[in-house]
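Mapping of the sequence shown onto the working numbering: residues 781 to 1090, in sequence order.
C-beta: ideal position from N, C-alpha, C; glycine also.
Bear in mind the structure is a predicted one, so any value in this text is a computation, not a measurement.
For reference, the structure is listed below as structure tokens.
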Amino acid sequence: MTDYLQDSARPPLNPPPFSAWSSGPVTQEASLPPRSSAAALASSLNELLAGIAARRIPHLEALRYRLQEVHAGTELAQLQHCLKMVQDSASAVDVLSARAGGEEADQFMQQVAALAENTHQLTFVGGSFLQRNQPVSSVARAVCMGLKLETEALMERVQQGMRWLHDMEQDVMERRDSATAEVSQEALRELARRGSVLQERLRQVDRLCGHARSALELAEQFYAQRAALCDMLQRRVRPRSRRLHEVLRPLLQADARTPQSAELMAVVESRHELQVVLTEAGADMAALRAFDRELVAHLDEMEQALQPAA
């Protein structure tokens, strides 16, 4: 049963508030009785569009805004920067210079200190990112579900409107064949003009649905990939970063003594293990940030499409 039929015998369906949205099926729209006049169809279609503007569009805008609000742009950039700093400082450590003494040994200790600081920073930033992931993902899932349901409901109304528009056009064409009086012809021309206006308004809503579906699909991919990155940070990057930080500590506390071979080997092995997972994490991060930029672009397009549809 549609929200917008004029027939007072058919009560309107009031859309549930945001907090009450569920994953249940969207209520099917009911069409007008067969052979409704073009004027009645135009009136009902106008009410349907008014209802979309008053009820559905504000819901969709609220969801778009909330999804834009929770996307991770800035913190992704910070995490990517930390990953790169660790990768660069790990590559810069020249283990062979540790036993050379003099200036080369001093440079080695400076490299170790920089790497230790960067692994510590990565542990801190990565930990904060992981801590925020669960609440952010929960909000994103709820918003995506709401966006899916709202888009489906909107598409259902667009399809109903298109059916009414088709019936309206058919009625006008049939009446033209029998209308002889000028006043009747003028009335039919006016109905045809109204039909064109209503058709354009429906097309605007249809374009909005397209943008909403694209944003939804991209958001689902984005948060799935974000979850995969968090899993990698948790299970692979974080423990290896901590391990490297631990094996660097004795070198920093050596008080100018020459590092032992076992200590240097521990650094070489831990550095290699971390570099392998950092390379993978860097690739995943680059892909995630590309998704992030594309999602922001689609949300901006959706915002522009909302304005004429309102």
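Quick check on the burial criterion: 16 or more other C-beta atoms within 10 angstroms. Buried or exposed for residue i?
i: Pro915; result: exposed
i: Pro1039; result: buried
i: Ala834; result: exposed
i: Arg921; result: exposed
i: Leu978; result: buried
i: His851; result: buried
i: His1025; result: buried
i: Met1082; result: buried
i: Ala1042; result: exposed
i: Arg844; result: buried
If you draw a straight line from the C-alpha of residue i to the C-alpha of residue j, how long is it?
i: Ser964; j: Leu927; result: 45 Å
i: Ala995; j: Thr903; result: 32 Å
i: Arg969; j: Ser816; result: 18 Å
i: Val1076; j: Arg993; result: 14 Å
i: Asn913; j: Gln867; result: 23 Å
i: Leu945; j: Leu829; result: 12 Å
i: Cys862; j: Val938; result: 47 Å
i: Ala1085; j: Thr899; result: 45 Å
i: Phe909; j: Leu1013; result: 9 Å
i: Ser1050; j: Ser1021; result: 8 Å
i: Ala820; j: Leu856; result: 54 Å
i: Pro805; j: His991; result: Only weak support exists for where Pro805 lies, its pLDDT of 36 falling under 50; the value from the coordinates is given anyway. If you take the alpha carbons of Pro805 and His991, they lie about 22 Å apart.
i: Asp986; j: Pro1088; result: 12 Å
i: Ala924; j: Ala1067; result: It is Cys, not Ala, that sits at residue 924 in the sequence shown. Whole-angstrom Cα-Cα distance: 21 Å.
Is residue i helix, strand or coil when you go by DSSP?
i: Arg1020; result: helix
i: Ser869; result: helix
i: Asp874; result: coil
i: Arg969; result: helix
i: Thr1059; result: helix
i: Gly882; result: helix
i: Gln1040; result: coil
i: Gln1005; result: helix
i: Ser816; result: coil
i: Gln725; result: Because the chain is modelled from 781 through 1090, residue 725 falls outside the range shown and cannot be assessed.
i: Gln1033; result: coil
i: His851; result: coil
Compare the beta carbon distance of residue i and residue j with 9 Å and say whether it is the shorter of the two.
i: Leu895; j: Ala878; result: no
i: Ala818; j: Met935; result: no
i: Val1160; j: Phe888; result: Any question about residue 1160 goes unanswered here, given that the chain covers just 781 to 1090.
i: Glu1074; j: Leu971; result: no
i: Val919; j: Arg1006; result: no
i: Val984; j: Phe1071; result: Reading the sequence as shown, one finds Gln at residue 984 and not Val. Against a cut-off of 9 Å, the Cβ pair of Phe1071 and Gln984 comes out as no contact.
i: Glu930; j: Arg836; result: yes
i: Leu1031; j: Val892; result: yes
i: Leu1058; j: Val1017; result: yes
i: Leu825; j: Gly941; result: yes
i: Val1048; j: Val875; result: yes
Rounded to whole angstroms, how far is the Cβ of residue i from the Cβ of residue j, which I believe are closer than 8 Å?
i: Ala822; j: Arg974; result: 5 Å
i: Asp1064; j: Leu1009; result: 5 Å
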